[in-house]
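Here the UniProt record's numbering is used: the first residue of the sequence shown is 1, the next is one more, and so on. Scroll down for the structure; my scribbles are underneath it.
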Amino acid sequence: MKNVANQRYYLVREDVLTDAMQKTLEAKQLLQKGSVTSIWDAVKEVDLSRSAFYKYRDAVFPFHSIVQERILTVFIQLQDRKGTLAKLLETVSDAHCNVLTIHQTIPIQGRANVTLSLDVTSMSNELDELIRSLNHLEFIESAEVISSGAF
């Protein structure tokens, strides 16, 4: 095995990965989430050979797993109703995000803008799931990521 410290890394789009690489990522996700209990069950589930899994398991990773500490800034437009900020923060907390800063504008015409800076290092879901869950709250007009990155 080559010395990992001396290797070069690349960021590539999912659609250019081979089928075996994509299936390896799927199998690793099944194992991580506990959907299956063994490598044999994981590769069987995604229709991948064990040899291909072992070839790629230490070489392909989802991008979010590489960045260990992340800050995400989310811009949210919400209706000015009693308890909306508390429900918003509860949803963020349920996703295991740590709120670093909160900025809320004064409500005008029943609407307010909230900008949250979040430490998403321990986030339990994918980023798109968090944004989707925020957008599904009845009082939120829109929620979108305006920046993300490492510390």
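Think of the CB as a built atom: it goes at the ideal place given N, C-alpha and C, for glycine as much as any other residue. Predicted, not measured: the structure shown is a model, and the values here were computed from it.
Query, Result
"Local Cβ density within 10 Å of lysine 23, reported as buried at 16 or more and exposed below that", "buried"
"Cβ-based neighbour list, methionine 123, same chain, cut-off 6 Å, excluding 5 preceding and 5 following", "Ala95, His96, Cys97"
"Per-residue DSSP class, three states only, for aspartate 80", "coil"
"Reduced DSSP secondary structure (H/G/I, E/B, other) of leucine 25", "helix"
"Glutamine 109, DSSP secondary structure in three states", "coil"
"Chain-order list of residues whose beta-carbon lies under 6 Å from that of threonine 37 (same chain, five-residue window excluded)", "none"
"C-alpha distance - glutamate 129 paired with lysine 55, whole-angstrom precision", "30 Å"
"Separation of leucine 25 from proline 62, as counted between CA atoms", "7 Å"
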